[in-house]
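**Student:** Can you keep this structure in mind? I'll have questions shortly.
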Amino acid sequence: MSTLGERIKTLRSRYDLTQEDFGKMFNIVKSTVSMYENNKSIPDDETKKRIAEHFNVTLDWLMGYSDISCTEKETNNDEIIKIIENLDSDIILLLKDLEKMSKKENEALIIFLEGLKARRNNHL
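With the sequence shown counted from 1, adding 4 to any position gets you the numbering used here.
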């Protein structure tokens, strides 16, 4: 996964911003932006939050904990809706039951489904 500095540089490049322009948006100087991008310094929590909100990405993505940005999640939601619309009624009932499951049960189900997926992919 990418680092916080790499993600900041990605956002800055994506929006065609210089380090100076980026810095002005968040009231920081160009050298500080450079230090962020080179992982020599880390923005404070408030600055990280402002960057994430400004560019409509999650803090998890910005921090490098996730490869799914907010925009990708929205796209995934549309895909999920299409998939659900084509599901068998028994599966739809099962999905409704997921709301009643505990976090631990959900985690176990995810591990199980990932195992099935890995098994399927190994048999292709």
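Quick reminder that beta carbons are idealized off the backbone N, C-alpha and C, glycines included.
Output the boundary residues of the alpha helix (DSSP H) element that contains Val37.
**Tutor:** Run containing Val37: 34 to 41, per the alpha helix (DSSP H) assignment.
**Student:** For a test of the three-state rule: what should DSSP assign to Met105, helix, strand or coil?
**Tutor:** Here Met105 sits in coil by DSSP.
**Student:** Quick one, are the C-beta atoms of Ser45 and Val61 less than 8 Å apart?
**Tutor:** Contact: no.
**Student:** To the nearest angstrom, how far is the alpha carbon of Lys108 from that of Arg54?
**Tutor:** For Lys108 and Arg54, the distance between alpha carbons rounds to 32 Å.
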